[in-house]
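> Residue numbers (my numbering): 510 to 783.
Okay, here's the structure, questions in a sec.
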């Protein structure tokens, strides 16, 4: 039994460190809700895992020289106990997951059903093979592969696909939503920390899927207003705000014969298709 003491001590120390470790501050309300759920599940899963492993090690050590094992006898009390304990754990996990899934930032349909789907600003997102287009109706601005939003403001993303199924995924902000052709999809977020966050397509959408990425830039309100003013000042120059990690975005025009959809940027620029 003395050999098990180091394992027990190690398990107790690991559990204590996991429980007292301070989580990293979330970058958005979406991410905060997801991280909180993960933490709650960790508090349940870690003790159970350690308990099972300790029982396993004890059984291996205790019965290591048992050359004539006997079959176990029925123990209704024990069977009822672990069945009830399992049910309680599953109920806890289900309730925790339910509250996260009904969060209006993670499930905008919940907010729409309750009539509370308004936001401080709205951005139209167009996904296509293989890039992103972001339109700001109020500011009359269009950007390519680069979404700029202000800090601490509710942002509603109204999304559509021009060809196949895509999926917008911003891990740092906890945003993920499939986008279907001929259907309007909605995502919602409220970024709490400034910075640049990677944006990906999380749905295999063709040969150029691997390069269908961009950036989400979160600015302070004053920086965002300065950015909008700068884009307004460039009216008529037909320039495109584009993420630097997709240099092909300005290679060809989406429709050379059409008029740009914005007075501050050329919404017609698209990368070449395969």
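Just so it is clear, CB atoms sit at the ideal spot from N, CA and C, and this is done for glycine as well.
Keep in mind it's a predicted model, so treat the numbers as computed, not measured.
(1) Which partner residues does residue 722 have in the DSSP bridge list?
(2) Could you give the residue range of the alpha helix (DSSP H) that holds residue 544?
(3) How do the segment 712-726 and the segment 563-570 stand: do at least 3 beta-carbon pairs fall below 8 Å, yes or no?
(4) Is residue 590 helix, strand or coil when you go by DSSP?
(5) Once DSSP output is grouped into helix, strand and coil, what is the label at residue 673?
(6) Within its chain, find whatever has a CB closer than 7 Å to the CB of residue 718; leave out the 5 residues flanking it on each side and keep chain order.
(7) Are residue 667 and residue 693 closer than 8 Å when you measure CB to CB?
(8) According to DSSP, what are the bridge partners of residue 695?
(9) Where residue 606 and residue 597 are concerned, what is the direct C-alpha to C-alpha distance, given to the nearest angstrom?
(10) Assuming residue 538 contacts residue 614 (C-beta within less than 8 Å), just tell me the rounded distance between them.
(11) Let me know if residue 642 comes out buried or exposed under the rule of 16 or more other beta-carbons within 10 Å of its beta-carbon.
(12) What residue from 662, 634, 670, 664 has the CA that sits closest to residue 654's CA?
(13) Can you name, in chain order, every residue of its own chain whose Cβ lies under 7 Å from the Cβ of residue 610, other than the five neighbours on each side?
(14) To the nearest whole angstrom, what separates the beta carbons of residue 628 and residue 663, a pair I think is in contact under 8 Å?
(15) Using the Cβ count rule (16 or more neighbours within 10 Å means buried), how would you classify residue 600?
(16) Sorted by chain position, which residues of the same chain lie with C-beta nearer than 6 Å to residue 636's C-beta, five sequence neighbours on each side aside?
(17) Quick one: Cα of residue 746 to Cα of residue 739, how far?
(18) Mind checking which residues open and close the alpha helix (DSSP H) that includes residue 738?
(19) In chain order, which continuous runs of the beta strand (DSSP E) of length 3 or greater are located wholly inside the segment 619-651?
(20) Going by DSSP, what residue range makes up the beta strand (DSSP E) through residue 662?
(21) Just checking my contact of residue 602 with residue 550 at CB under 8 Å: how many whole Å lie between their CB atoms?
(22) To which residues of the same chain is residue 572 closer than 8 Å at the C-beta, ignoring the five residues directly before and after it?
(23) For residue 570, count neighbouring C-beta atoms within 10 Å of its own C-beta (all shown protein chains included) and say buried if the count is 16 or more, exposed if not.
(24) Are the CB atoms of residue 568 and residue 612 within a distance shorter than 8 Å?
(25) State the beta-bridge partners of residue 702 as determined by DSSP.
To lay it out plainly:
(1) In the chain shown, the residue the question calls residue 722 occupies position 213. Looking at the DSSP assignment, residue 722 forms a beta bridge with 709.
(2) One-based indexing of the chain shown puts residue 544 at position 35. Here the alpha helix (DSSP H) through residue 544 covers 538-571.
(3) no
(4) Stepping through the chain shown from its first residue, residue 590 is reached at position 81. Reduced to three states, the DSSP call for residue 590 is helix.
(5) As a first step, residue 673 is located in the chain shown; it is residue number 164 there, counting from the start. Coil.
(6) For the purposes of this step, residue 718 is taken as residue 209 along the chain shown, with counting starting at 1. So the qualifying residues of the chain are 639, 710.
(7) As a working note, residue 667 is residue 158 in the chain shown. As a working note, residue 693 is residue 184 in the chain shown. For residue 667 and residue 693, yes; Cβs fall inside 8 Å.
(8) Position 186 of the chain shown holds residue 695. 667.
(9) Reading the chain shown from its first residue, position 97 is the one you call residue 606. Reading the chain shown from its first residue, position 88 is the one you call residue 597. In a straight line, the C-alpha of residue 606 is about 14 Å away from that of residue 597.
(10) The sequence position of residue 538 within the chain shown is 29, counting from 1. The sequence position of residue 614 within the chain shown is 105, counting from 1. Sure, about 5 Å apart at Cβ, within 8 Å.
(11) Here residue 642 corresponds to residue number 133 of the chain shown, with the count starting at 1. Classification of residue 642: buried, given that the 10 Å Cβ count is 16 or more.
(12) The residue you call residue 654 lines up with position 145 of the chain shown. Nearest C-alpha to residue 654: 634.
(13) Looking up residue 610 in the chain shown gives position 101. Once the five neighbours on either side are set aside, the close Cβ partners of residue 610 are 616.
(14) Start at 1 with the first residue of the chain shown, and residue 628 comes out as number 119. Start at 1 with the first residue of the chain shown, and residue 663 comes out as number 154. About 4 Å separates the two Cβ atoms, so the contact holds.
(15) Translated into positions along the chain shown, residue 600 becomes position 91. The residue in question, residue 600, is exposed, as its Cβ has fewer than 16 Cβ neighbours within 10 Å.
(16) Counting from one through the chain shown, the residue named residue 636 turns up at place 127. Taken in chain order, the residues that qualify are 670, 675, 688.
(17) One-based indexing of the chain shown puts residue 746 at position 237. One-based indexing of the chain shown puts residue 739 at position 230. Note on residue 746: pLDDT 45, under 50, position unreliable in the model; no value is reported.
(18) Start at 1 with the first residue of the chain shown, and residue 738 comes out as number 229. Segment 730-742, the alpha helix (DSSP H) holding residue 738.
(19) 630-637, 640-645
(20) By one-based count along the chain shown, residue 662 stands at place 153. No beta strand (DSSP E) contains residue 662, which DSSP labels as neither H nor E.
(21) Counted from its first residue, the chain shown places residue 602 at position 93. Counted from its first residue, the chain shown places residue 550 at position 41. Correct: roughly 7 Å between the Cβ atoms.
(22) Residue 572 sits at position 63 when you count from the first residue of the chain shown. Excluding positions up to five away in sequence, the list reads 578.
(23) Taking the chain shown and counting its residues from 1, one reaches residue 570 at position 61. Exposed.
(24) Here residue 612 refers to the residue found at position 103 when the chain shown is read from its first residue. Here residue 568 refers to the residue found at position 59 when the chain shown is read from its first residue. Contact flag unset, no.
(25) As a working mapping, residue 702 is identified with position 193 in the chain shown. Residue 702 pairs with nothing; no bridge assigned.
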